[in-house]
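Taking it in order: structure first as structure tokens, then the write-up.
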Amino acid sequence: QVQLVESGGGLVQPGGSLRLSCAFSGSIFSINGMGWYRQAPGKQRELVAAIRRGDAYTVYVDSVKGRFTISRDNAKNTVYLQMNSLKPEDTAVYYCNVDWREAVPVPWGQGTQVTVSS
């Protein structure tokens, strides 16, 4: 059974930083790409960043380029999202899952809330 557990969210002031972690178990560690997603109130869930398993090639949505960094530790079955220079518009629930451009997402975890506010 696949499990995804996100952690690391919280309340931070604009300009601050957070590091999110996603521990995944089950068979998905063999899937190529993993991604971080976010969903703000009243908005659709969007893919924020993705990373390939083999060469760790990364992609980002334009709004976070230069501020967010995705990484993965295959030995620990963990994916990270380092978020710097946070803005109020980054406020959302953040989720991890397989890269939905490559594979059907597995059941979503509960996510982790990120709130950027002064």
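Residue 80 in this note's numbering sits at position 78 of the sequence shown, with consecutive numbering throughout. Note that the Cβ used here is the ideal one computed from N, Cα and C, for glycine as well.
Residue i classed as buried or exposed, judged by whether at least 16 other C-beta atoms fall within 10 angstroms
i, result
"Leu13", "exposed"
"Asp57", "exposed"
"Arg40", "buried"
C-alpha distance - residue i paired with residue j, whole-angstrom precision
i, j, result
"Val63", "Phe70", "10 Å"
"Gly68", "Gly37", "17 Å"
"Gln3", "Tyr97", "18 Å"
"Ala42", "Ala94", "4 Å"
"Val100", "Ser120", "33 Å"
"Ser19", "Thr117", "11 Å"
"Pro90", "Gln15", "8 Å"
Residue j beta carbon less than 8 Å from that of residue i
i, j, result
"Asp75", "Met85", "no"
"Leu88", "Leu22", "no"
Cβ-Cβ separation, residue j to residue i (assumed contact under 8 Å), whole Å
i, j, result
"Gly35", "Ala52", "5 Å"
"Glu8", "Gly113", "6 Å"
"Gln115", "Gly11", "5 Å"
What residue ranges within the segment 64-114 form continuous alpha helix (DSSP H) runs of no fewer than 4 residues, ordered along the chain?
none
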